[in-house]
Every structure is written in structure tokens, then in C-alpha cells.
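Participant: Numbering (our numbering), first residue to last: 105 to 834. The C-beta atom is built at its ideal place from N, Cα and C for all residues, glycine as well. Keep in mind that this is a model prediction, so the values were computed, not measured. Below you will find the structure I want to go over with you.
Structural data, given as C-alpha cells:
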């Protein structure tokens, strides 16, 4: 099969590796048992587990080595001596291209990739050094990159020789745990660009399977070594793995791959290896690539609820689910899971209410199926607080809002306005619950002590109701808030357990109080005598209602001077005091309010950044995208009035564009799925052109009279969107 022509260059390699299943114990089977083994290896730092069951049942291990192989680590075998340098290789390539004689290049590739030992002999920076720490892989990355960049430009027989050598390496009989040279070889082989070709996927799958089967300690080495890969090549590795998963799920040519029943381990193995790169990405701040680069949008098209229910039922047991690796699931897919989970909870609660009513021989009322909130505009906060407190049992029903004295029917629009007005009032500086920081343009919890924190619970419940009812809110909390909101993501059964407490750093403080954070940074960098020049102690001072109060950051802190030796501790305690301890009761109430509505295992799938997007949507408006997705009723998109409309809107300032969006939809934020998810519609109004535009926010619909010219349309539109509050019926 190796000698066949270029037309069928790689497809026959499956013949060479059919014996792998007989020689290796499979690890990726969805129902195969796994066992955690962590050898006692020095220089392995404590890391977050690559995949941890979010319900803390047990750690997933990807190690399935037989027990007899778990022996002490053997010494590294001696490597062959290879002296070829980057320049030597480049010279060989130039000669081959000019002369057409590829023998030297062919010999280099076939020898280098013939075994793991040869790979190390060629690419290890120093064959006499062990390189057995996580800090340095010992790989000559420049040489690896040059060799791989040239590989795809070589003749087919050269490329085939590389794949044949890789197969030989994968078929090697292992006599004990992997050595660091083996890990280096895996790290190098993963970067092979040939694995972007679907005809090599059978080989690629077996490589991924072996890497996934390594012990957790070995994985930690690979994680640390991977974070040293350049950004461009790191993203290529991630994209290659995502493509492998996508094409296995939805192959363009199914005949290219073995039947799915014979390779159920392909996707679990690839996902577990992808988890290693995700762990490496999270170790660096700022991260190598964005967390969104790990999203696989192909998963948006599978049965997500089946994945979610499998995960709920089996947790991190031996049944694979993408929900065990939530970093791969896009925010749009997570929103679908949360919405459907919410709908199921709503239906369940409503059904129970109906059964209870019938069992008491009472006449069923449609209102019992909803969370009905009646409020007066003049007493908005107090009425909302009373309503939600009285109807705790109904919080997971569909929300309907009524403003007393108004005839509006809530088809969604009244709910949106209730959220908007309530948030606007609660976050007003005069209300005193939150402090607005102008430098960071965000709100933070007031540290003032009070007797009743129920209003903070109300704000948390509002955020929960917004997520539960798919409403976006204009709330400006820093990212740290959402990190605290998921600490822990499931409310603990023991009410004495602290909630809303998370590890905070100076970077978190920069996002809220940049001026103070800058001052603390200067303290850390100060080269003089901190104790004599700053004369500070482990004590902070805060003004509360005109009175200066002091708080010790540690026992007897007022007597402990800040010195060059302890200033790091001082800064950490200061940040922890500001973001955790000083606002604990306020945030705990806020936390319990949010989770009283939004308690769901689906929250365990979310990153703090994703919670923020679900709550607030995106503030970045793309009116051109809105134009492309807008539907029309009574108008054509080529009509003169519509052309006037978009000319005016695209020329609006950002503030006016936000007002238009709020006027037509009840919110000036963009939902998770982008402008297309708004289902925005412009309808022709048969009224006089003297009338202003009208909006049906329940349906994201704008009713536009056929104005005669652009100037009149712009004038009426600005008046309409700038003076819109309240609902009425004709």
C-alpha cells in the first residue's frame, strides 16, 4: 500500500494500523472504565485537573495503562547522534529543489520520523541533557518548524515515508511508563501539518488516542510545554483538532473513514487532547488565544439536550459527553441548553401548580401558570421587592408584568421595560446600593453596612430572571462579579459555607478601581524602603456616612508595618478585603437571589465571561448586520422609504442607534446570537405621515409611515426614539 501512486497517497495507511487495537488497550470507548494514576514525579506543579467533574464526584482520568506497566520511571535510553542543523537542512532543501535529487531530504525525513528515539535525536536541543522539567521541553522549536514547513512541499514519497515512520513509532511495544523523550516525541508529532488532510485521520486518531491515555502527571508536562508554542502554531493545533472532531461528526465523504461503530473513541480522544491545550491556554495571562477559539460551532447542530442529559445522569463517569468539556461548546449552544432547561423547569412548575389546583377542586386559572408581577411606576422598587418576596415559589414560571393603571398587555415588551426601569433606578448613585466608578465605567457593591440586604437579593433575582426569560440587561458589572457569581456555581447545601468568595488579584482591582490598583502596583515596584517611606500598617480606612472607620487586614494589623518583605501579602489582603470581605453580606444576598431563580446544572458549563454575555448581551452594535437580517411587511427593501431609513440609521451616532434599538426591542443590547437573533421587522403603517413611528417591542417590530423624504423621516424617527416610555392600547 505504501508504494501506490499520489492519487491514493494516504488512504491505504489504515491497512498498516489495523493491528494497533490488538497491540494496545483502547482508551476512548464511551463505556470503558478509567482509573486515576499519578506517579510520584518531581517537578510537576499542581494544576487544575484537565477535566474535572463539576459536581465533584470523581476526577476523570485518561490513563488506562495496565497495572503491571505502572513501574518506577526508567532512565532515558541513549539517543543516536545526529548532527544536522537548521542550516544544513535548508541547504539540502535548496539543492533538492534546484537539482531534482531528493535523496538527502528523503533520507533525513525517513530516518528522523522512524522512531521516537530518532525524533529526539534530531530535535532535542542537547542529546546529553535530560530536560525532565516542566519549564523546558528541550525541543529545538525552530528546527521543528522549519522541517514541518518544508514537508508539504516535498515529493509524495518523502511525505509517505514520514507517515510510515510515525506508524512504526505508534506500533512500538511499550515496556513501561513513558519517558520524557516519549513525551517530546508526542509533542513534536502533534504539530505535523499532514494531519490536516483527512486521508491521514486514521493515523492521527491513534496518535491522539495514545496521548489521551498518558498519565495525568505526563499530561501536566505536555500542558506546560504546549504553552511555549507560538500563538500562530498553537491556534493551528487547536483548529486541526476542532476540524478532526467536526469531520468525524459530519464527514463530507463518509467512505473516507471507518464506520463510526468501530471508532467511537476518535472524538473522546481528540477532545481530551484538546483539553490539554485549553489547560495550557488558561495558564498564561493574557491567554495565548481567545477562549472562543476553542468553540466548535459544529456542535450547535447535534442533539445538545441529549448530551446535557447524559452528563446530568452519568456525570464524569465512563460515558463521554461534550458537557464534560464545556470549553468546546459555543455560547450560542450553551444558551440553547440553558433556555431549554429553563423551559422544562417552567413547564414542570406550572404543571405542578395545575395539579395542586385540581386536587383541591379549585377552578384552574391561566394566571397560575405565570409569575405575575403587578407594580406601580411610582413605587417600582418596593412593589417589585414585595411581589418577588411573596411569590418565591413562582420564580421559575414564565414572567408577566403589569403596570397598575396602564392597559398594556405583556407579550414581552412590558417585561423588558420593567427590567430596564428597575435596573436604572436601583443603580442610580442616589440609591446608595452600588457605586459607579467613572474611570472603569462600571458599578461595584457599596460596602456600607445595613440591617437588611433584601434589595441586593432582588438585584440578583432580577439577573436570574433575565437569564431565565432570555432578557438582556444594561448592567455594567466588572468581570470579577461574574467570577464571584459562579463561586460556587451550585448553591451549597450547607448554609454555613461561604459563597461569592473567589481568588482575586490586582488585575481584578484594575477593572474596577484602576487608580487604586495603579498605586498598589507602584508600592510593589518601589525600590526604596517601604516601611520608612510609606509608614503604612496592615490596616485600611473607609468612609461610611461621613465617619472614617478602620479595618485590620490581619489580626493586630494596625501594629504590623508594611515592609519590602511583606508588601505582596499586604496588597493581596487589601485586594481581598475590597472585593470579597468588605462586601460579603451584600454579595451573598445577590448570589442567593440569582441562584434562587437560575439554579441549574447548566450554569456549570459557563465561564464568567459567558454569564456576562447571557445577562447583558453584547454592547457592540452592528447596524449593517441588522439591515441584512431585517424582515419587511408592506415594504420591499428597495422601497424609497426603506432606503431613507437605513441611510439615516447608519449615519446615526452610537447613542441614537442604541435609542432606536431600545425603542424597537425594549433593550439596547445585542443578544448572544447577534443582530440576526432579534428577528427585527419593519412594517408599513397606513397612518398619516404626520404620525411618529410606533414600535411593538413584544415582537421587535417597527411600524413606519411612508414618509415623503429623508429629512422628514429623520426628524420623526429621532423624536419617536428619544421620547419613548410607557405602553398603551388604541
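Run through DSSP, which three-state label would residue 810 get?
Facilitator: Coil at residue 810, not helix or strand.
Participant: State the Cα-Cα distance for the pair residue 400 and residue 427, rounded to the nearest angstrom.
Facilitator: Their backbone Cα atoms lie some 13 Å apart in a straight line.
Participant: Just grab the DSSP bridge partners of residue 665 for me.
Facilitator: Answer by DSSP bridge pairing, in chain order: 641.
Participant: To the nearest angstrom, how far is the alpha carbon of residue 770 from that of residue 320?
Facilitator: If you take the alpha carbons of residue 770 and residue 320, they lie about 50 Å apart.
Participant: Please classify residue 733: does DSSP put it in a helix, a strand, or coil?
Facilitator: Helix.
Participant: The alpha helix (DSSP H) spanning residue 704 covers which residue range?
Facilitator: Element bounds for residue 704: n/a, residue is neither H nor E.
Participant: Identify, in the order they occur along the chain, each residue of the same chain with its Cβ nearer than 7 Å to the Cβ of residue 601, setting aside the five sequence neighbours on each side.
Facilitator: Excluding positions up to five away in sequence, the list is empty.
Participant: How would you write the range of the alpha helix (DSSP H) that residue 493 sits in, first residue to last?
Facilitator: Counting along the chain, the alpha helix (DSSP H) containing residue 493 begins and ends at 484-494.
Participant: State buried or exposed for residue 450, treating a residue as buried only when at least 16 other CB atoms are found within 10 Å of its CB.
Facilitator: Result: buried.
Participant: Tell me, please, which residues DSSP counts as bridged to residue 548.
Facilitator: 539, per the DSSP bridge assignment.
Participant: Contact defined as beta carbons within less than 8 Å: I believe residue 299 pairs with residue 344. What is the distance between those atoms, to the nearest angstrom?
Facilitator: With a Cβ gap of about 6 Å, residue 299 and residue 344 count as contacting.
Participant: Whole angstroms is fine: what's the gap from residue 292's alpha carbon to residue 248's?
Facilitator: Distance between the alpha carbons of residue 292 and residue 248 is about 7 Å.
Participant: Do residue 802 and residue 568 have their C-beta atoms within less than 8 Å of each other?
Facilitator: Their beta carbons are not under 8 Å apart, which means residue 802 does not touch residue 568 by this criterion.
Participant: Taking the C-alpha atoms as reference points, what is the distance between residue 290 and residue 284?
Facilitator: Rounded to the nearest angstrom, the two C-alpha atoms are 10 Å apart.
Participant: Give the DSSP bridge partners of residue 800, in chain order.
Facilitator: Answer by DSSP bridge pairing, in chain order: 805.
Participant: Going by DSSP, what residue range makes up the alpha helix (DSSP H) through residue 399?
Facilitator: Careful: residue 399 lies outside any alpha helix (DSSP H) and carries neither H nor E.
Participant: Residue 437: which of 777, 526, 820 and 337 sits nearest, CA to CA?
Facilitator: Checked all of 777, 526, 820 and 337; the closest Cα to residue 437 is 777.
Participant: Would you check if the distance between the CB atom of residue 608 and the CB atom of residue 680 is smaller than 8 Å?
Facilitator: A contact, by the Cβ cut-off of 8 Å.
Participant: Look at the Cβ atom of residue 611, then the Cβ atom of residue 683, and state whether they are nearer than 8 Å.
Facilitator: No, the pair does not count as a contact, with Cβ atoms beyond the cut-off.
Participant: Could you tell me the distance, in whole angstroms, from the CA atom of residue 787 to the CA atom of residue 510?
Facilitator: Rounded to whole angstroms, residue 787 to residue 510 spans 25 Å at the Cα level.
Participant: With hydrogens ignored, establish whether the beta-carbon of residue 273 is closer than 7 Å to any heavy atom of the ligand GTP.
Facilitator: In terms of ligand content, the structure shown is empty, and the ligand GTP therefore cannot be addressed.
Participant: Would you say residue 796 and residue 695 are within 8 Å of each other, going by their C-beta atoms?
Facilitator: No, these two residues do not count as a Cβ contact at 8 Å.
Participant: Which value, in whole angstroms, describes the spacing of the CA atoms of residue 398 and residue 265?
Facilitator: Those two C-alpha atoms are separated by around 32 Å.
Participant: Looking only at its own chain, which residues have a Cβ that is under 6 Å from the Cβ of residue 718, when we skip the five neighbours before and after it?
Facilitator: Contacts found: 571.
Participant: Name, in chain order, the residues that DSSP records as bridge partners for residue 503.
Facilitator: In DSSP, residue 503 forms a bridge with 475.
Participant: Between residue 825 and residue 301, what straight-line distance do the alpha-carbon atoms span, to the nearest angstrom?
Facilitator: Near 54 Å, if we compare the C-alpha coordinates of residue 301 and residue 825.
Participant: Are residue 220 and residue 244 touching if we call contact CB-CB under 8 Å?
Facilitator: Not in contact: residue 220 and residue 244 (Cβ atoms no closer than 8 Å).
Participant: To which residues does DSSP link residue 233 through a beta bridge?
Facilitator: According to DSSP, residue 233 bridges with nothing at all.
Participant: Is the beta carbon of residue 311 less than 8 Å from the beta carbon of residue 274?
Facilitator: Closer than 8 Å, so yes.
Participant: So, are the CB atoms of residue 489 and residue 566 less than 8 Å apart?
Facilitator: It is not a contact, given that the beta carbons lie outside the stated cut-off.
Participant: Under 8 Å: do the segment 401-409 and the segment 670-680 share three or more Cβ pairs, one atom per stretch?
Facilitator: No, the segment 401-409 is not in contact with the segment 670-680.
Participant: Assign residue 238 to one of three DSSP states: helix, strand, or coil.
Facilitator: Three-state result, residue 238: coil.
Participant: Measure the C-alpha to C-alpha separation of residue 194 and residue 346 and round it to an integer number of angstroms.
Facilitator: Approximately 32 Å, taken between the alpha carbons.
Participant: In three-state terms, what does DSSP make of residue 823?
Facilitator: Three-state result, residue 823: helix.
Participant: Using the rule of at least 16 other Cβ atoms within 10 Å of the residue's Cβ for burial, across every protein chain shown, is residue 807 buried or exposed?
Facilitator: Buried, since its Cβ has 16 or more Cβ neighbours within 10 Å.
Participant: With DSSP as the reference, identify every bridge partner of residue 647, one or two as the case may be.
Facilitator: DSSP output for residue 647 lists 652 as bridge partner(s).
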